[in-house]
Amino acid sequence: MSTEDVNKAVNCSDWKEQIWDIQGGSELSCGERISHVGYDSVCSCFQAVTRASLTARDRVGIQDFVLLDAYTSESAFLDNLRKRFHENLIYTYIGTLLVSVNPYKELDIYSKKQMDTYMGVNFFELPPHIYALADNVFRTMLTEFNNHFILISGESGAGKTEASKKILQFYAVSCPSTKLLNNVRDRLLLSNPVLEAFGNAKTLKNDNSSRFGKYMDIQFDHQGGAVGGHILSYLLEKSRVVHQNHGERNFHIFYQLVEGGEDELLRWLGLQRNCQLYSYLVQGDCAKVSSVNDKSDWRTVQKALSVVDFSENDIEHLFGIIASVLHLGNVKFGADPRGYAILNNNPEMHWLSKGCTDTLANNQYKLRSALESDLFTPFTVDHAVYARDALAKAIYGRTFNWLVNKINESLANKDSSRKTVIGLLDIYGFEVFHVNSFEQFCINYCNEKLQQLFIQLTLKSEQEEYEMEGIEWEPVPYFNNKIICDLVEEKHRGIISVLDEECLRPGEATDLTFLEKMEEKMGGHPHFVTHKLADQKTRKTLERGDFRLLHYAGESLTCLHTFLHTFVYICLVIVSVPSKNSIIKHCFPSTEPDSKKRPETVVTQFKSSLVGLTEILMSKEPWYVRCIKPNEGKQPGRFDDVLVRHQVKYLGLMEHLRVRRAGFAYRRRYEIFLQRYKPLCPDTWPNWKGTAAEGVQRLIKHLGYKPNEYKMGRTKIFIRHPRTLFATEDAFEV
Ligand code: ATP
Ligand code: MG
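In terms of this note's numbering, the sequence shown opens at residue 761 and continues consecutively.
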């Protein structure tokens, strides 16, 4: 590669491959080493590249924030991200944390060739990539035989789901392959389109927005073969089944069925090929989305369902339910002379009995009861509509859970031998709308919990570890959001417990009583404000029935009107009689309802599931992908400084950078370090007789570590930069 070639590469429009070389050059100039074969030519003209790389660095920024001294201010951080974004370099590291900016266009960086490039190569040797992270996690798991998770966070549309799919695809390609393993691999991959069809929808922010949180464990055997998986889902946004804001859609599957379902199937289900006919599909007035092809997605889902082991019977029953929900949405009510709801001759009732709800419709009397009254008191028309929607949401929500369980059965690893796992957490980001409902409250609470986990596993534990190990350390200040988590979840005092109390008093509890109770218990809390509690200036921005939470990521105003409604009909009797539909039978077992036992409220269930998730995560080693949305318009090439700055702030990137920069990238217990590297030193090989710490001391002396490159703690060695370790790894090859 001549100087001219290098310059050409920098200027050339088709720069994708070349930019890697240039980046390699920039690595060279900041003292990194280049060992990958692709860089041989770069090495051979070191001078030329160094010169070119300086301009290249100006242009493309640096690939790891930890490396350069100047990059500690938020503005400098932003500059670097922006520079890279405009060069289509969407990935940047903060140590081992990967920051990803959504390019909103296809980049040619996810080919099989790219995967091969990243497989088995040390993390910092190549330009940042999601594959590098995936590979690093995978190899750490294999060498240390422990469990890991990758937390992918960011706001809606930032690229979380795409990132998790890229990681899964990387494992699918890189793992050892046999017929049996390929089978598991295909199921893991194809569980995605199924869950996306039922759990994703077009929103204003994202044409394929995940409306549920997803945690997926991929289980590996000793050789790194993917042998199984397990999925946990969190808080599906069921309200979408019955209501969509303007410009938004219901879950994809409804449109896929109507647009893509075979004629015969639609006839059997009593559906017509016209979304406009179904009330639940047209509330957002955008049944068609240009970026979504419902017809072809229908075919993909059909194929995926069969690979993921759904029998014909399952599929038939599943779509019976989907169709029934659509029919249910079209059920209309009249009023009797007293103003109570009555079901006129709704043709939908016939189709309801044919589809899922033959459970209810076998016994039309009971369905009528469920919709016209709660069996005891007659409903007004408004109440009946509410009951109808509640029924539709319950049916869809439980069917979704059934679907996840079914996929889990298909992914289950039958072999009981010990395995290690990599968990992928793709969960909704912090959300603030003009009016925030109960669902946003839960989503934002979930984000507080995850931030708390991040603080505990990374910021806090890192600093505590230095202290424990006796390593000199300048503490880095950070905001601990525990106070906000407590505000929401503390026993007997938090918002959830007040809400639970109110749910114990159906008929008596109102928005107002709930608000008053909260004001009583939380008055004076720095993160809780209501109209009554606010100072004069803030009061102007609050309605009487609202409360405002000051989250770590920003303010969120919750409107109580939408909030308590979620619970008004919690006691709706879902009538269950023997059904031909196996899914309904499973979802509404005949033991329900047990009127003596109070069902857990949705929010308490959610709280418990988050506690469960936290436990799962706490037992694993964390890795992070922080996704950033560059603009609100889903446009390529536009980088909105204000929007990105806000995300940098609440994703905790600056804090993470400060902790990383001040600290040590790598640490291992002396025993493990010695075990791994003792063959490199004649004094320690094959058997070291002294203590592990002395062994490590001898080893690193032999390897020539410089004093500023490492520190010896009480039980561990701390290495400042990964390059020191790479050099040690490479010593094996010499
Ligand atoms: P939500 O919280 O709403 O589910 P999300 O963070 O999961 O949002 P994605 O669905 O992953 O967001 O991404 C939104 C869209 O952005 C994708 O449909 C795709 O068009 C684009 N996108 C995201 N990541 C990439 C990428 N790496 N390359 C190209 N396009 C991308
Ligand atoms: Mg998503």
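Cβ atoms here follow ideal geometry from the backbone N, Cα and C, with glycine treated the same way.
Computed from a predicted structure; not experimentally measured.
>> Using a Cβ distance threshold of 8 Å, determine whether the region 820-827 contacts the region 838-850, with at least three qualifying pairs required.
In response: yes
> Under 8 Å between the Cβ atoms of residue 1188 and residue 973?
Replying inline: yes
> Terminal residues of the continuous alpha helix (DSSP H) containing residue 1454?
Replying inline: 1452-1463
>> Could you check whether the Cβ of residue 921 sits closer than 7 Å to any heavy atom belonging to ligand 4?
In response: Annotation note on ligand 4: not contained in the displayed structure, which lists ligand 1 and ligand 2 as its ligands.
> Which value, in whole angstroms, describes the spacing of the CA atoms of residue 1453 and residue 1433?
Replying inline: 9 Å
>> Among the candidates 1456, 1381, 1144 and 888, whose CA atom is the shortest distance from the CA of residue 1430?
In response: 1456
> For the putative contact between residue 1203 and residue 1311, defined by C-beta atoms under 8 Å, what is the C-beta separation to the nearest angstrom?
Replying inline: About 11 Å separates the two Cβ atoms, so there is no contact after all.
>> Is it buried or exposed, residue 938, if we count other Cβ atoms within 10 angstroms and call 16 or more buried?
In response: exposed
> So, are the CB atoms of residue 1216 and residue 864 less than 8 Å apart?
Replying inline: no
>> Please list the terminal residues of the continuous alpha helix (DSSP H) segment that includes residue 953.
In response: 939-959
>> Within the continuous beta strand (DSSP E) that includes residue 859, where are the two ends?
In response: 857-861
> Start and end of the alpha helix (DSSP H) containing residue 1378?
Replying inline: 1362-1378
>> Quick check on DSSP: helix, strand or coil for residue 918?
In response: coil
>> Just to check my reading of the structure: residue 1253 and residue 1281 have Cβ atoms closer than 8 Å, yes? What is that Cβ distance to the nearest angstrom?
In response: 6 Å
>> Within 8 Å, do at least three Cβ pairs link the region 918-928 to the region 940-959?
In response: yes
>> Rounded to the nearest angstrom, what separates residue 1195 and residue 999 at their Cα positions?
In response: 15 Å
>> Considering just the uninterrupted stretch of the beta strand (DSSP E) at residue 1095, what are its terminal residues?
In response: 1093-1095
>> Using a Cβ-based criterion (distance less than 7 Å to any ligand heavy atom), does residue 1186 qualify as near ligand 2?
In response: yes
>> Distance check for residue 1295 and residue 1289, CA to CA, integer angstroms please.
In response: 9 Å
> Taking C-alpha atoms, which residue in 995, 1054 and 1163 lies nearest to residue 1069?
Replying inline: 1163
> Is it buried or exposed for residue 1218, if we count other Cβ within 10 angstroms and need 16 for buried?
Replying inline: buried
>> Here's a check: name, in chain order, each residue in its chain whose Cβ is nearer than 8 Å to the Cβ of residue 1003, leaving out the five neighbours to either side.
In response: 1043 and 1149
>> Considering only DSSP beta bridges, list what residue 1478 is partnered with.
In response: 1427 and 1471
> Helix, strand or coil for residue 909 per DSSP?
Replying inline: strand
> Could you give the residue range of the alpha helix (DSSP H) that holds residue 873?
Replying inline: 872-878
> Contact check, residue 920 vs residue 1441 under 8 Å by CB: the rounded distance?
Replying inline: Their Cβ separation, rounded to whole angstroms, is 44 Å, which puts residue 920 and residue 1441 out of contact at 8 Å.
>> Nearest by alpha-carbon distance to residue 1406: which of 1439, 1389, 1397 and 1344 is it?
In response: 1389
> Looking only at its own chain, which residues have a Cβ that is under 7 Å from the Cβ of residue 965, when we skip the five neighbours before and after it?
Replying inline: 916 and 917
> What number of angstroms, rounded off, separates the C-alpha of residue 811 from the C-alpha of residue 849?
Replying inline: Any answer about residue 811 is weak, because its pLDDT of 35 lies below 50 and its placement is not dependable; what the coordinates show is given next. Roughly 20 Å separates the two Cα atoms.
>> Rounded to whole angstroms, what is the Cα-Cα separation between residue 796 and residue 886?
In response: Model confidence at residue 796 stands at a pLDDT of 30, short of 50, so the residue's coordinates are unreliable; what they give is reported in the following sentence. Near 8 Å, if we compare the C-alpha coordinates of residue 886 and residue 796.
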